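Everything on this sheet refers to the single structure shown next.
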Amino acid sequence: MAKGLVADIQRASLHDGYGIRTTVFLKGCPLNCKWCHNPECISFKPETMYYPEKCIGCGKCDEGCFSGAKVVCGQYMTADEVMSELLLDKPYYKDGGGITISGGEPMAQKQLVKALIALCKNNSIGCAMETSLIYYDADIFKGLDFIMADMKIWDTGIHKEYTGVGNEQIKDNFKKLNTINIPIIARTPVIPGVEQGIDKISEFMQGLENVVQYELLPYHPLGIAKRKALRKEITEFDIPSKEYMLEVGRYAFIR
Ligand code: SF4
Ligand code: SF4
Numbered sequence: 003m004a005k006g007l008v009a010d011i012q013r014a015s016l017h018d019g020y021g022i023r024t025t026v027f028l029k030g031c032p033l034n035c036k037w038c039h040n041p042e043c044i045s046f047k048p049e050t051m052y053y054p055e056k057c058i059g060c061g062k063c064d065e066g067c068f069s070g071a072k073v074v075c076g077q078y079m080t081a082d083e084v085m086s087e088l089l090l091d092k093p094y095y096k097d098g099g100g101i102t103i104s105g106g107e108p109m110a111q112k113q114l115v116k117a118l119i120a121l122c123k124n125n126s127i128g129c130a131m132e133t134s135l136i137y138y139d140a141d142i143f144k145g146l147d148f149i150m151a152d153m154k155i156w157d158t159g160i161h162k163e164y165t166g167v168g169n170e171q172i173k174d175n176f177k178k179l180n181t182i183n184i185p186i187i188a189r190t191p192v193i194p195g196v197e198q199g200i201d202k203i204s205e206f207m208q209g210l211e212n213v214v215q216y217e218l219l220p221y222h223p224l225g226i227a228k229r230k231a232l233r234k235e236i237t238e239f240d241i242p243s244k245e246y247m248l249e250v251g252r253y254a255f256i257r
């Protein structure tokens, strides 16, 4: 039975695709985006997050923390265990809803992803994925209803500076993905102060006929508290203003 490291299962999500969805966050990502809002999903190992403001000093850390000051992120689960959680929400998966496999980079845990897609099919549940598209596997992608994939920065050097990897592979994978018949929602997180080349990304996406939508998502600083809890390095970015979002918004499109 396929098994993998799960960071979280979030119910009633309205932002991870169409309809009401339950999102499974898998742990581990080969990128390291400085603005990542799920930094607890980057490491491929379970991690302890520590929130000192919640610590009541009870000294019972060895017995497990009940105040929420020390939280372990990452639990090894089989596909069946994940599925039994997802089935609890089945009545809500109407109107195009279903599950979204996210992360981290879900394609880094292919065996678990394959098993989850198969279980969704067996249970007549829709299944989508959020991915950085750093990996490509047509057989896996063909089993999905749609894919949400990011192109964060156009220039590969700047992409490497902010995410730790170049983007040639991601561009190639977008082109390959366009050859199979899966709707793609392409997305760019909008990070003020970073030369992202949103105009060029939009032009590239317009050339891919399976991209049904190109979305621009404003940066939000939710990841900062989690980075502190993980004792990771912090880079601060500005939240984009309404004016800036309107300015870049002209590059977004829906087909
Ligand atoms: S168990 Fe939690 S609240 Fe108690 S000392 Fe440890 S971290 Fe603090
Ligand atoms: S690709 Fe996504 S999960 Fe991975 S580091 Fe970047 S924002 Fe975080």
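To convert, take the position in the sequence shown, counting from 1, and add 2; that gives my numbering.
We treat Cβ as the ideally placed atom computed from N, Cα and C, and that holds for glycine.
As the structure is a prediction and not an experimental result, all values here were calculated from the model.
May I have the straight-line CA-CA distance separating residue i from residue j, to the nearest angstrom?
i, j, result
"S15", "G76", "20 Å"
"M247", "S69", "39 Å"
"F148", "I186", "6 Å"
"D157", "K177", "17 Å"
"G145", "G98", "15 Å"
"A140", "G66", "43 Å"
"Y52", "K123", "38 Å"
"E235", "S126", "42 Å"
"E55", "F46", "27 Å"
"Y138", "C57", "43 Å"
"C43", "S104", "10 Å"
"Q208", "L33", "25 Å"
"G100", "E211", "24 Å"
"K333", "P191", "Outside the modelled stretch of the chain, which goes from 3 to 257, sits residue 333, for which no answer is possible."
"A227", "P220", "18 Å"
"G6", "E245", "42 Å"
"K183", "V213", "Note that residue 183 corresponds to Asn in the displayed sequence, not to Lys. Spanning the two alpha carbons is a distance of roughly 10 Å."
Just to confirm, does residue i get its C-beta within under 7 Å of one of the non-hydrogen atoms of ligand 1?
i, result
"K230", "no"
Determine the burial state of residue i: buried for a count of at least 16 other Cβ atoms within 10 Å of its Cβ, exposed for fewer.
i, result
"Y216", "buried"
"R189", "buried"
"V74", "exposed"
"G59", "exposed"
"G61", "exposed"
"K162", "exposed"
"C1", "Outside the shown range of the chain, which is 3 to 257, sits residue 1, and nothing can be said about it."
"K96", "exposed"
"E83", "exposed"
"L90", "exposed"
"S204", "buried"
"M79", "buried"
"T181", "exposed"
"D152", "buried"
"L224", "exposed"
"D174", "exposed"
"S134", "buried"
Residue i: beta carbon under 7 Å from a heavy atom of ligand 2?
i, result
"L89", "no"
"G106", "yes"
"S134", "yes"
"T165", "yes"
"L262", "Within the shown structure, residues of the chain are numbered from 3 to 257, placing residue 262 beyond reach of any answer."
"C43", "yes"
"N34", "yes"
"N175", "no"
"C31", "yes"
"C38", "yes"
Does the stretch 34 to 42 touch the stretch 110 to 117, meaning 3 or more C-beta pairs lie closer than 8 Å?
They do not touch, by the three-pair rule.
Beta-carbon distances below 6 Å to any heavy atom of ligand 1 define the shell here; list its residues in chain order, please.
Chain-ordered list of matching residues: C57, I58, G59, C60, G61, K62, C63, C67, S69, A71 and K72.
Below 8 Å, can you find three or more Cβ-Cβ pairs linking the stretch 226 to 242 to the stretch 198 to 214?
No: fewer than three Cβ pairs fall under 8 Å.
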